[in-house]
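J.:
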Amino acid sequence: MESIQLAAQVTPWLASGRTLFLIIHFLGITCFGYIVAMRLVPLLRAERDFRFDRPLDRLGKVLKFGLAQWKHPRYRTAGILHIFIFAGFICLVMRAFYVLIVGVSENFVMPGLSGQAGHIYNIITDYAATVVFLCMIFAIVRRLAFKPARYAVPEKFGKAHTADAVFLLALIAILMLADSLFAAARAAGPIEQGQAVELLATWSLPWMLKGLLSSSSLSTLRDFYFGAYLLHEVTFYFLLCYRPFGIQFHVETSLFNLYFAKLERGTVKPVKYGVSEEQLAQAKSIGVKTFEDFTWKHMLDFYTCADCGRCSDNCPANAVGRPLSPRFITIKARDYAFQHYPMFGKPTNHQPLIGNLYSEDEIWSCTTCGACEEECPLLVEYIDKIVDLRRGMIDDGNVPQSLQKPLKALESRGNPYGKMEKKRADWTNAKDFRQSCPVKTLDGKNHADTLYFVDSVTSYDDRIQSIGRATAKILDHVGDNFGILGAAEKDSGHEVRRFGEETLFMALRDHNVDAIKASGVKRIVTADPHTYNALKHDYTDVPPVEHISQVIAREVKSGKITFKPVENRDSVYTYHDPCYLGRHNQVYDDPRNVLDAIPGLKRVEMSRSRDRSFCCGGGGLMLFYEPKEEQRMGVKRVQMAAEAGANVIVTACPFCMVNIEDAIKVAGLEGKMTAIDLAELAEKQIVRESPVVEAKGAAGIQQESVAGR
Amino acid sequence: MEILVCARRVPDTSENEITLNSAGNDIERDELVYSINEPDNYAVEEALQIVARVGGRVTVVTVGGEEDEEILRREMAMGANHGVLITDDVFSGSDGRGIATILKGFVQKGNYDLILTGVQAEDGGAQVGGMLAAMLDYPFASLVNSIEVLEGRKLRVSREIEGGNKEMNEIDLPCVLSIQTGINEPRYVGMRGIRAVASVPVPTYGASDLAIDPSAVGEAAAKVKRVDYFLPALGKGAEMLEGSREEIIDKLVGLVAAKGGLK
Amino acid sequence: MARIFAYIAHRGGVVDDSAAELAAAARKIDAGASPTAVVTGWGTELDSVCNALRGSYAEVWKIANESLAYPNAELVRKSLVKVLPVGSVVLVAHEHFGIDLAPGLSIKMNAAFVSDVLGIEGVEDAHLKVVRQEFGGQVSAHVLCDISSGAVVTVRPGAFKPLEGAPVGGSVTDKSAEIGVLTASRRYLETVVAESGDVDITKHNVLVSIGRGIQEKDNVAIAQELADALGGALSCSRPVVDAKWLDKSRQVGSSGKTVKPKVYLACGISGAFQHLVGIKGNPFIVAINKNPKAPIFQVADVGIVDDLLEFLPELTNKIREIHNVAAKRTA
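Protein chains in written order, with the numbering used here: chain F, 54 to 762; chain C, 82 to 344; chain X, 9 to 339.
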């Protein structure tokens with residue numbers, strides 16, 4: 054059956070089609086190989102990163118975030134668009150290979166796709182190509198006409214990326230068009246010759262093109278056939294070789310990036326993989342000071358970023374006008390890599406990053422809230438990089454004066470305020486509290502099963518001390534045998550570590566671990582999510598730790614805690630998820646369950662809640678840093694609460710409390726909005742049986758609580 | 082340029098509450114946190130910045146005992162090339178002049194172009210720099226808040242005078258300068274840096290090493306001696322307004338208006 | 009008892025309160041003493057200074073030399089050493105010139121040195137007993153100074169009240185010839201005047217002054233609002249300038265501006281001496297501070313123990329209320 058002359062047999066100019074396409078294949082693949090090799094060069098000079106453990110977990114991540122595109126729908130339009138495009142690409146993979154090979158081996162048939170299977174596959178790919186093509190058009194229009202805000206490039210970061218984006222989208226569209234044209238021409242041939250039609254999927258692009266071509270002459274069809282094929286080849290290889298020069302490199306690197314992604318939440322990478330803590334003191338330099346100090350995985354992150362802007366769109370520092378935009382941390386580093394590791398010529402490197410690529414304020418601005426990492430569909434990591442850059446600055450002595458004082462105080466007094474150690478437990482001496490709820494200090498004479506790790510802000514800040522007292526009263530109420538470390542407790546060091554002072558962190562940690570072990574406790578409770586995260590992830594070899602919200606939730610369920618109804622039934626409450634309780638440790642429901650267990654409590658959700666919660670401004674050392682910003686993060690958050698219709702913000706973190714109460718004043722909402730800690734609220738509402746009232750009172754309350762739900 | 086910074090270890094005023102001890106004859110010294118006198122730290126930072134510009138070395142010296150070594154290590158962790166401890170039993174009880182005499186002995190053993198001290202320490206003496214300069218017959222400038230190295234063994238320095246004005250002076254080397262806080266932004270000294278210098282040897286010098294006549298220093302030679310500490314007697318003081326905040330504001334507004342404070 | 013001299017620094021021919029304060033301090037050393045003022049300078053400026061000093065001193069020693077036209081501590085020291093008798097007690101005001109001059113002078117005179125004295129309890133057995141402060145004013149101390157071979161004593165400005173009484177009507181003795189040729193290894197170049205910024209706090213009658221207690225930059229607005237409501241200006245102490253929350257031109261104190269308002273609200277200011285020294289003219293001082301033991305309450309006329317971050321906005325509102333009522337009445 055003489056059908057349209059197969060591309061391989063065409064003899065344009067001098068060489069045969071096969072030869073031509075062989076040459077194109079060879080050039081394309083060699084080019085691509087060279088480019089990828091050049092792109093790998095900096096990774097070979099990078100720091101070590103141990104990412105080869107737990108292959109099954111890693112594979113799981115590839116399946117969940119890669120194949121299932123798990124995070125994409127968080128931005129609905131772009132997400133769905135991308136899912137279609139990705140699905141289309143997956144379908145088209147084998148077709149792409151087929152098309153490439155058929156140019157040199159005309160009778161090639163993909164193994165397993167002969168006959169009926171092949172026809173079905175062709176129909177699928179016809180539709181896939183159509184969908185991808187339409188998505189490209191839609192995406193181009195969206196970029197040019199609708200201009201989503203997160204794609205915008207602030208002036209200080211350079212020109213807009215629109216042209217490049219549209220160019221790439223257009224290229225893919227052309228690829229789809231070429232493929233479809235090729236298929237259409239090939240199918241139209243037999244019609245022309247009065248032969249059986251090769252089935253094309255109805256209303257697919259190839260189908261429509263076939264319709265357009267059906268009236269053409271055979272020679273025209275041959276030209277289209279050959280032209281489309283050539284276009285396809287050239288476009289395919291051009292794209293292949295162009296992708297590593299921009300964000301489209303993620304097509305190749307994303308699966309690797311997902312495989313090697315960080316498996317643990319809430320932790321910070323070690324200073325140097327493979328270097329023990331004792332050896333760190335001898336190291337000449339620690340932290341990231343030049344590009345080559347990044348690990349190979351971090352460099353892979355830079356390559357893999359798709360410039361989608363979701364990270365910066367959710368970054369609270371970016372939202373309040375601080376110099377930090379996570380997207381550009383990555384893009385700038387990627388451009389640096391491209392510039393300093395060129396395709397031809399020697400790498401130019403070892404330039405200090407701070408002061409050239411990044412400003413100091415840019416790096417100090419981060420509150421480590423994790424919103425960026427939560428959002429990124431490609432699991433690009435940020436916190437570890439920021440911490441590593443800070444480690445480098447600390448190593449060089451380059452620390453803002455406002456942070457030097459609390460760091461020095463932490464070193465000499467174990468708390469950032471410089472207050473005396475012996476006063477750390479003074480909060481337990483408050484007049485009324487001391488009689489009703491004496492708190493014992495686990496100093497060797499006293500023992501307990503549970504340690505309440507109070508940490509610095511709750512111990513010394515006179516407003517926050519009431520959270521400490523409320524927590525103690527709750528533990529007392531549920532019958533926990535607990536104590537505190539008192540003067541033996543030092544700051545958990547959570548922010549010290551995340552601000553890059555690893556050595557000071559280790560000193561604080563070692564001191565606390567010794568004190569905890571000496572106390573002999575079997576379990577730790579804290580009301581401070583930063584402490585919770587530190588004890589859970591930064592400290593090893595300590596008893597398991599819980600946050601007070603988890604304790605309350607559990608005891609509500611068990612019945613040990615019942616609540617009386619709220620006093621003011623008109624108040625509208627909203628819960629603000631602290632970053633280190635919510636996003637980093639995924640404790641979202643326990644605090645909400647506690648609130649919902651309070652009869653008559655009206656609760657609303659802010660539009661940014663749970664893993665999209667908006668950072669209050671940061672805790673620990675962040676309270677001492679004075680960033681340049683247009684607005685306070687706390688003020689934005691308080692406005693969000695007001696927008697949600699709430700007039701009481703409930704939070705479960707002492708730093709959130711400090712920032713939010715402050716923000717209420719700065720926002721001018723004093724009197725209209727209040728803030729209360731979950732422990733404070735719970736303690737206030739706990740029903741405390743007194744023998745006389747018990748029978749009647751309890752029943753009455755139970756009725757109410759049923760009605761209130 | 083060879084720069085010598087004379088430093089002192091003092092109770093950290095921002096991290097301590099200074100109270101009298103129970104005997105009433107000294108401040109309560111248990112649980113005091115000590116660090117380098119803040120103006121001295123600025124002086125070391127300034128010295129480091131100068132040698133970064135023109136080359137040279139920075140030596141930090143202190144007169145005291147073993148416990149004072151820690152500030153030398155901290156400044157070495159900051160970048161100072163050498164730390165020196167001058168210690169001898171005969172030095173104890175020295176007054177400001179005695180300290181200056183001891184430092185003079187050390188300076189004369191070396192060859193320093195520039196000697197820096199902090200403008201004052203916790204006792205507010207503000208004297209050692211000026212005394213040392215006079216003993217050495219070096220020119221002196223106090224309250225220095227900027228230093229520029231000029232050609233021909235000269236410096237251009239500015240002094241902080243009233244009204245925030247700056248008095249610009251030219252001063253010949255070798256000289257002594259006392260440094261005011263705020264002259265620069267001292268770099269951070271991390272714990273890792275301090276640990277790294279933990280075992281660097283710190284040379285010590287005694288009276289005989291420095292050819293110092295013991296009768297010229299120490300308690301016996303001191304002309305100025307502190308007799309006691311006491312809490313300042315509360316003078317007439319302010320009339321403290323009492324009542325609720327609203328009441329206080331009302332009273333205050335009345336008083337201010339009476340004094341011509343309300344337009 | 010050794011002879012007591014007071015070195016008087018002056019600016020542009022004007023003598024400030026320190027001259028009379030040093031005379032008062034000299035009387036505390038020796039009640040019957042008649043201290044001699046010593047001044048250096050040049051030309052008509054120096055003459056008018058000598059004239060002014062005759063009111064507080066029985067004898068004024070004038071040292072005129074062109075090289076002393078601008079006070080250079082090294083040259084002044086050299087001239088004083090030539091002129092002052094061995095074993096004298098010399099009083100100098102503890103401010104930037106005194107700090108420059110006095111320590112070296114004590115060495116060259118082979119005299120004892122004690123600085124920043126704010127109380128004098130007399131002489132016993134050739135030992136002068138004085139009161140000083142340490143640790144930023146948190147504690148006081150009695151100090152004994154052996155004056156048997158003389159002493160240089162710097163005196164805290166404002167610590168000694170000028171004596172009441174009729175002008176002394178002293179005589180001026182010219183000692184210029186005794187000093188010989190003076191050379192120094194330090195040379196005065198020029199004075200760079202601080203940038204004045206937009207507000208001149210020295211010209212305002214009402215000042216709202218903030219210190220460390222304002223806690224952070226964003227709270228400065230609270231104080232500015234109060235200053236606006238009062239029709240006054242915002243000023244501050246040194247830590248606020250060091251933190252870069254306000255411009256240096258707003259700083260009141262020894263290294264900042266000297267102000268003479270009618271009303272001075274010290275908000276969150278502890279009352280360190282270097283700040284207070286910038287407040288002259290005995291204004292009505294209101295201190296608002298969370299710490300009831302803050303030294304400011306010693307010098308304030310009225311004290312309020314409260315959180316200034318809460319107190320100030322309420323005060324501002326009250327004052328605005330009063331102005332609104334007044335405006336309505338006149339409308």
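Even glycine gets a Cβ: it sits at the ideal position worked out from N, Cα and C.
Is the CB of V337 of chain C under 7 Å away from at least one CB in chain X?
T.: Yes, contact with chain X.
J.: Could one say the Cβ of L88 of chain X lies closer than 7 Å to chain C's Cβ atoms, at least one of them?
T.: Not closer than 7 Å to any Cβ of chain C, the Cβ of L88 of chain X fails to qualify, so no.
J.: Residue range of the beta strand (DSSP E) that A174 of chain X falls in?
T.: Neither: A174 of chain X is in no beta strand (DSSP E) and is coded neither H nor E.
J.: Are the CB atoms of C668 of chain F and C769 of chain F within a distance shorter than 7 Å?
T.: The question about residue 769 of chain F has no answer, for chain F in this structure spans 54 to 762.
J.: Going by the CB atoms, is the gap between C144 of chain F and A181 of chain F shorter than 7 Å?
T.: Yes, the pair counts as a contact, with Cβ atoms nearer than the cut-off.
J.: Go ahead and label G521 of chain F buried or exposed: buried means 16 or more other beta carbons lie within 10 angstroms of its beta carbon, across all protein chains shown.
T.: Buried is the call here.
J.: Where do the ends of the alpha helix (DSSP H) carrying H530 of chain F lie?
T.: It spans Q518 to H530 - the alpha helix (DSSP H) in which H530 of chain F sits, taken as one unbroken run.
J.: Excluding the 5 residues preceding and the 5 following L76 of chain X in the sequence, name in chain order all residues of the same chain whose CB lies nearer than 8 Å to its CB.
T.: The residues are T48, G49, W50, L83, V84, S87 and L190.
J.: Ignoring anything shorter than 3 residues or poking outside the segment 484-520 of chain F, list the beta strand (DSSP E) runs there in chain order.
T.: Complete beta strand (DSSP E) runs here, min 3: 503-505.
J.: Going along chain C in order, which residues have a C-beta closer than 9 Å to the C-beta of S465 of chain F?
T.: Result: D93, E96, V114, Y115 and S116.
J.: Quick check: V214 of chain X and G342 of chain C, are their CB atoms within less than 7 Å of each other?
T.: For V214 of chain X and G342 of chain C, yes; Cβs fall inside 7 Å.
J.: Less than 7 Å between CB atoms is the rule here; does L152 of chain X satisfy it with respect to chain B?
T.: Although the question refers to chain B, the structure presented lacks it and instead comprises the protein chains F, C and X.
J.: Apart from the five residues on each side of it in sequence, which residues of its chain come closer than 6 Å, Cβ to Cβ, to V745 of chain F?
T.: Confidence at V745 of chain F is low in this model, with a pLDDT of 46, below 50, so its placement is unreliable and the value that follows should be read with caution. Around V745 of chain F: no qualifying Cβ.
J.: Identify the residues that DSSP records as bridge partners of I601 of chain F: which are they?
T.: DSSP, once it has assigned bridges, lists no residue as partnering I601 of chain F.
J.: H78 of chain F by DSSP, collapsed to three states: which one?
T.: Reduced to three states, the DSSP call for H78 of chain F is helix.
J.: How many Å lie between N402 of chain F and V94 of chain F at the Cα?
T.: If you take the alpha carbons of N402 of chain F and V94 of chain F, they lie about 12 Å apart.
J.: List, in chain order, every chain X residue whose beta-carbon is nearer than 7 Å to that of S223 of chain C.
T.: I107 and D108, listed in chain order.
J.: Tell me whether the segment 413-427 of chain F and the segment 679-689 of chain F touch, counting them as touching only if at least three CB pairs, one residue from each stretch, are closer than 8 Å.
T.: Yes: the two stretches touch, three or more of their Cβ pairs being nearer than 8 Å.
J.: G205 of chain C: which of C:Q130, C:R307 and C:D331 sits nearest, CA to CA?
T.: Among C:Q130, C:R307 and C:D331, the Cα nearest to that of G205 of chain C belongs to C:R307.
J.: What's the C-alpha gap between S272 of chain F and Y282 of chain F?
T.: Between S272 of chain F and Y282 of chain F, the C-alpha separation is close to 15 Å.
J.: Going along chain X in order, which residues have a C-beta closer than 9 Å to the C-beta of A215 of chain C?
T.: Result: R85, P111, G112, L113, S114, I115 and K116.
J.: So what does D730 of chain F bridge to, in DSSP terms?
T.: In DSSP, D730 of chain F forms a bridge with F:T704.
J.: In terms of residues, what are the limits of the alpha helix (DSSP H) holding C429 of chain F?
T.: Premise fails: C429 of chain F is in no alpha helix (DSSP H) and is neither H nor E.
J.: Short check: CB of V144 of chain C to CB of I108 of chain C, under 7 Å?
T.: No, the pair does not count as a contact, with Cβ atoms beyond the cut-off.
J.: Taking only three categories from DSSP, how would you classify G280 of chain F?
T.: It is helical.
J.: From which residue to which residue does the alpha helix (DSSP H) around Y356 of chain F run?
T.: Where Y356 of chain F is concerned, the enclosing alpha helix (DSSP H) stretches over W349 to T357.
J.: Considering Cα atoms alone, identify which of F:Q488, F:D567, F:V219 and F:L253 is closest to T593 of chain F.
T.: The option with the nearest alpha carbon to T593 of chain F is F:D567.
J.: When the distance is taken between beta carbons, is D502 of chain F closer than 7 Å to N534 of chain F?
T.: Their beta carbons are under 7 Å apart, which means N534 of chain F touches D502 of chain F by this criterion.
J.: What does R328 of chain X reach in chain C if we use C-beta pairs closer than 7 Å?
T.: By Cβ distance, chain C contributes nothing, its closest Cβ being about 11 Å from R328 of chain X, past 7 Å.
J.: What's the gap between the Cα of I327 of chain X and the Cα of E148 of chain C?
T.: Whole-angstrom Cα-Cα distance: 56 Å.
J.: Using a C-beta to C-beta distance shorter than 8 Å, which residues of chain C count as neighbours of D24 of chain X?
T.: By Cβ distance, chain C contributes nothing, its closest Cβ being about 10 Å from D24 of chain X, past 8 Å.
J.: For E119 of chain C, would you say it is in contact with chain F, using Cβ-to-Cβ distances shorter than 7 Å as the test?
T.: For E119 of chain C, the answer is no, since every Cβ of chain F falls outside 7 Å of its Cβ.
J.: So is A27 of chain X in contact with chain C if we call contact Cβ pairs under 7 Å?
T.: Not closer than 7 Å to any Cβ of chain C, the Cβ of A27 of chain X fails to qualify, so no.
J.: Return the CA-CA distance between A334 of chain X and S278 of chain X, expressed in angstroms with no decimal places.
T.: So the alpha carbons of these two residues sit roughly 35 Å apart.
J.: What in chain C is Cβ-close to A256 of chain X, meaning under 8 Å?
T.: The displayed chain sequence assigns Lys, not Ala, to residue 256 of chain X. Those are G245, listed as they occur along chain C.
J.: Going along chain C, which residues have a C-beta under 9 Å from K117 of chain F?
T.: By Cβ distance, chain C contributes nothing, its closest Cβ being about 39 Å from K117 of chain F, past 9 Å.
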